[in-house]
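With the sequence shown counted from 1, adding 1468 to any position gets you the numbering used here. Cβ atoms here follow ideal geometry from the backbone N, Cα and C, with glycine treated the same way. Everything numeric in this text was worked out from a predicted model, so none of it was measured. Down below is the structure, laid out as C-alpha cells.
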Amino acid sequence: MLGNYFKIILRNLKRRKVYTLINILGLTLGFASAILIFSFVKYHLSFDTFHSKKDRVYRIVTEDHMEKVFYYPGTPPPVGKAFRNDYSFAEKVARVYVMEEPQISLPFLKGDQKFQEEGLAFAEPGFFDILDFPLVKGDKKTALTEPNTALVTKRIAEKYFVDQDPVGKMIRLENRLDFRITGVLANLPENTDRKEEIYLSFVNLKDYNPWAGGDDGWGGVGSSFQCFLLLKPGVLPSAVNKVFPAFSRKYYQGDYATEWQFRLQALSDIHFNPDFEGKMSKRNLWTLSLIGICLIITASVNFINLATAQALSRAKEVGIRKALGGFRTQLFWQFIAETALIAFTAMVLAFVLIRLALPLLSQLFDVPVSINFFRDIYLLIFLPLLLVLVIFLSGAYPGLIIAGVQPVQALKGELSQKHVGGFSLRRGLVVTQFVISQLLIISTLVIVYQMRYVNHANIGFQKDAIIMLRLPTKERSKVSTLRSELSRLTAVEKLTFCNTAPIGSGGGREIVYDARTKKENYDVIFKAGDDQYLSTFGLQLLAGRNLYPSDTIREYLVNETLVKKLGVSNKEVIGKNAMINDINGTIVGVIKDFHNESFHKSIGPLCITTKSNNYYNCAVKISIANLQPTLRALQKTWEQVYPDHIYKYEFLDESIARFYKQDQRIQQLIQTFTAVAILIACLGLYGLVSFMAARKTKEVGVRKILGASVQNILWLFGKEFIRLVLIAFAIAAPLGWWAMNKWLDTFVYRISLGAGIFILAVFISLLIACLTVGYSSIKAALMNPVRSLRSE
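And the structure:
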C-alpha cells in the first residue's frame, strides 16, 4: 500500500514539474534563511551561558544621576574592595582592569619579539572562581596570587613559545613590567564577552596605572575597571541593590551621595544591554526571529496557493480513488506525504546551499557560522520541529480541500474552482505575502536612508584623510621629536596631539562657573588637545580665540551647548573663570557644536583644554594624492622615534564607522532576507500566473479573435495582482511606519518618515509584481488564437 502511495506521489510530482520546482525552490530559500537566523540568534543567546555558576554571577555597574543619567559598565576602582569589606552577600568579589591593544614583548628570548594583542586584564585571583576559564596547566588556587605573575591562553602560549613549555617563561608589558607565566588557560570560547587572553596579577596594577591600582579614585569611572560578584546561594540581587544607597552615602558626600548610584547587572544581561555597552540588542534578535518566521510563512503560502490552484486538475484522480473505496483520511495523508517529500528535499537542498555559502555568510553575519546537525543538540531539535511545522502549515489545508472532493461531482466534471479553494483564499494569501515583502522593503529603505544620513550628515569636524597614531609613551622629548619629524613630511598638512579625536568619549567632569558657588547639575565632556586641535579637525570658532600653547590647563574652549546650559551668551562667557574638576581656567573661546558621540546620543556640554599628560594620540591630516608612500613615510618616522614599540595606525573615518557597526550589520541582514522574501513571493506569483494563463487559454484566444489587443490581455492578468499589491500596501504601510519609528527612536538625530519612502516602497512592489506577472502574461497574449482554441 505504502509503495503504491509513493509511486502515485512521484508520478504526480513528475507530471507537475513547474509546480514541484517552484515549491522546492521557495521552501529551500525559506529553510536556509530560517536555519541561518536560528543559528545567529542561538549564538548570541549562548553568550557566557557556559559558566557553571552563571545564575549567581553579577557585575556592579554605575549610574551617574545628573541632569540625565549616564551609564557605565565599570565602577570607581575602590568600590569592589569596599563592598567586599562592608558586606557578606558574595562568596567572591573580583576586580578586573582591562587594557585594549597592549604591546607584549619577549625580551628574554632570542630576537625580542613584539606582539600587539586585542586585550589583556589585571585580575584579582577570585575572578577565576567566579567565571569558568579553566587552567590546563598550573594551580588555580595560587593563580595570580603572587606579584608579577601571568596566565595566558593556550593559543597565546603556542603563538609566543611554539612547542616550548610556557610555564616559567617571562613576558613584558609595554616595555615596562615583567611577568612570569604560572599557568595556561584553555582557549576562550567564541561565545564570551571576555576576550582577554592574558591575565596579570592585580597587585601590579598600581605599577602600571597608580590611579586604577589605588584606593582613592572614588570620583572616576569608565569601562576599563569592572567588578564581578558571585553571590552566595539564596541571596537575591534585589537585597544587594537595597544596600547600595547607604553604600553611596558612606563613601560620597553631599550631592555625590545621590548622584553616584550602583546596582547589580546579571551576567545574562551583559551581552544584550546597550546602556552598558552590550554587543547585541535583544530587540534585533527578536526582529530577525520574526523575519525568519515570516519567510517560512511566505514559502508555505506559495505551497498552499499553488496546491489549491491545481486542486481542480486532480479532482478526477480523487473522484476515482474515492469511487474505488478510498477514504478521506487516506487521501489527506497521501497529500501530506507528498508535501513531506517536497519539504524534506527542500531542507536537504537548504543545507547544501548553506554549506556552499558558509564563508560569505560568516562575513555577512559577523559570527562564526557553523551548521552541524549531529553535534548541535538545539539544531537537532529545531530542524525536525521546523520540518513538521512546514509540512502541516503547507499541506493541511490543501490536503483537506483535495480529500473533501465529492466523487460524483468530480467524475461528472461539475466541480468549479470555488469547490477546491476559491480565488478569495488565494487573494488573501497573496496579500499576506505582499504585506511581509512590503514590510521588509519599507524597513530596508528606512535603514538605508538613516545610515546614509549618518554617513553624509555634517558632524561638525573633518574626518577624512586623518590618521590616528597611538602614542606608546608621553615623554615630552619623544613627543617633541615626533612633532618635528612629522612636520617635515610634505604630505603632512597638519597634526595635533590629543587624548581623543572630537568623536569619542572624553569622560565627564563637573563644572563650577564663574562666581557661582554650586556646581552645575550636569557633567562636561573633557577633551585634551594642543593649540593645533581646532585647525587639524576643522572645528569652527564662534567667539573668542584659540588656546595658547601650554602643557598644563590654563584656558578652556567650550561648545555652544555648554554656553546655553550656563544660561549666558557667547560673548558673556569669554574671559570668565571655570573650575572643571577642581582645576581653574579661563574660558577664551566658544566653538560650534560637533558630534562627539554617535547619532544615537545628543550633543553634550563640552570643553577642550591643553593637558600634555593626557595626550594619548597624534592626529595627522595628510594629503591622499600619494597615499601609500605617505603611509610608509609615517611608519618610518614613527619607528625612528619609538623603535621599541609596534607601529599601528587607524583612519579616523574607520573608527567612526565602528559606532554604527551593529546598525550596519542589521541593515545587511534585513537587506539579504528582504531579497529572499521577494524572490520567494515572485516564485509563487509566477506559478499562479502560469496556472492562470493555462486555464485562460481559450478565453484569451476568444478575446483576441474579438479584437482584444496585447495591452488588454496583459491588463486581464495584471489588474488582479496590482489590486492585491495595493491592498497589501494599505496594511503594510501603517505597520511599517510604527515599527520603523520605534527603530528610529533609538537615534537622537534621525530622518523623518515622509511619504516618499512609502511611495518608493509601493512602487518597488508594483514593479516586482509587474515583472513577475509580465513574462507569463506576455507569453499568453502573444500566442496565436487559432492554436489556443485548437488546444482546447
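Name the two residues that bound the continuous beta strand (DSSP E) containing His-1533.
1525-1533
To which residues does DSSP link Arg-2332 through a beta bridge?
Residue 2332 is absent from the model: the chain starts at 1469 and stops at 2260.
Indicate whether Leu-1698 and Asp-1834 have their beta-carbon atoms separated by less than 8 Å.
no
Within 8 Å, strictly: CB atoms of Ile-2055 and Ile-2042:
yes
Euclidean distance between Cα positions of Arg-1977 and Phe-1693:
18 Å
Can you give me the C-alpha to C-alpha distance between Val-1873 and Tyr-1487, rounded to a whole angstrom?
Confidence in Val-1873 is poor, its pLDDT being 49 and thus under 50, which makes the residue's placement unreliable; the coordinate value appears in the next sentence. So the two alpha carbons sit approximately 21 Å from each other.
By DSSP, does Leu-1851 sit in helix, in strand, or in coil?
helix
Is it the case that the stretch 1532-1543 contacts the stretch 1845-1858, given that we only count it when at least three CB pairs across the two stretches are under 8 Å?
no
From Gln-1729 to Gly-1690, what distance separates their C-alpha atoms?
14 Å
Work out the CA separation of Ala-1502 and Thr-1766 for me, nearest whole Å.
12 Å
Stretch pair the stretch 2055-2064 + the stretch 1912-1924: three plus CB contacts closer than 8 Å
no
I'd like the span of the alpha helix (DSSP H) that includes Lys-2032, first residue to last.
2028-2034
Phe-1803: which of Leu-1756, Ile-1859 and Ile-1839 sits nearest, CA to CA?
Ile-1859
Start and end residues, beta strand (DSSP E) containing Gln-1930
No beta strand (DSSP E) holds Gln-1930; DSSP gives it neither H nor E.
How is Arg-2126 classed by DSSP in three states: helix, strand or coil?
helix
Buried or exposed (CB count within 10 angstroms, at least 16 for buried), Lys-1560
buried
Could you check which residue in Ser-1973, Ile-2090, Ile-2048 and Phe-2215 has the C-alpha nearest to that of Lys-2069?
Phe-2215
Under 8 Å, with one C-beta from each stretch per pair, do the stretch 1711-1731 and the stretch 2107-2123 reach the 3-pair mark?
no
Residue from Gln-2008, Leu-2009 and Glu-2023 with nearest C-alpha to Leu-2015:
Glu-2023
I need the boundaries of the alpha helix (DSSP H) containing Leu-1829, first residue and last residue.
1826-1833
For Ser-1520, does the count of other Cβ atoms within 10 angstroms reach 16, so buried, or fall short, so exposed?
exposed
Would you kindly work out how many angstroms separate the C-alpha atoms of Asp-2050 and Ala-1825, rounded to a whole number?
58 Å
Alpha helix (DSSP H) segments (min. 4 residues) lying fully within the stretch 1685-1727:
1705-1719 and 1724-1727
Just verifying my parser: in three-state terms, what is the DSSP assignment at Arg-1731?
strand
If we ignore side chains and look at the alpha-carbon of each, how far apart do Glu-1531 and Glu-1953 end up?
44 Å
Got a sec? Which residues, its chain only, sit under 8 Å from Thr-1621 by beta carbon, not counting five neighbours each side?
Val-1652, Leu-1653, Ala-1654, Asn-1655, Leu-1656, Glu-1665 and Ile-1666
Ends of the beta strand (DSSP E) at Phe-1538?
1537-1540
Using the C-alpha atoms, what's the distance from Gln-1906 back to Leu-1893?
20 Å
Output needed for Gln-2280: all residues of its chain with C-beta closer than 7 Å, excluding positions within five of it in sequence on either side, in chain order.
As shown, the chain starts at 1469 and ends at 2260. That puts residue 2280 outside it, with no answer to give.
Please report the straight-line C-alpha distance between Gln-2135 and Ser-2220, rounded to a whole angstrom.
18 Å
Could you tell me which of Lys-1609, Ala-1618, Leu-1735 and Phe-1595 sits nearest to Asp-1523, measuring between CA atoms?
Leu-1735
By Cβ distance, which residues of its chain are closer than 6 Å to His-1887, with the 5 residues on each side in sequence left out?
Note that His-1887 has pLDDT 45, beneath the 50 cutoff, so the model's placement of it is unreliable and no number is given.
Is it right to say Glu-1586 is buried, meaning 16 or more other beta carbons lie within 10 angstroms of its own, or is it exposed?
exposed
Backbone secondary structure at Thr-1496 - three-state DSSP
helix
Compute the Euclidean distance between the alpha carbons of Arg-1951 and Leu-1612, then round it to the nearest angstrom.
40 Å
C-alpha distance - Asn-2085 paired with Glu-1642, whole-angstrom precision:
16 Å
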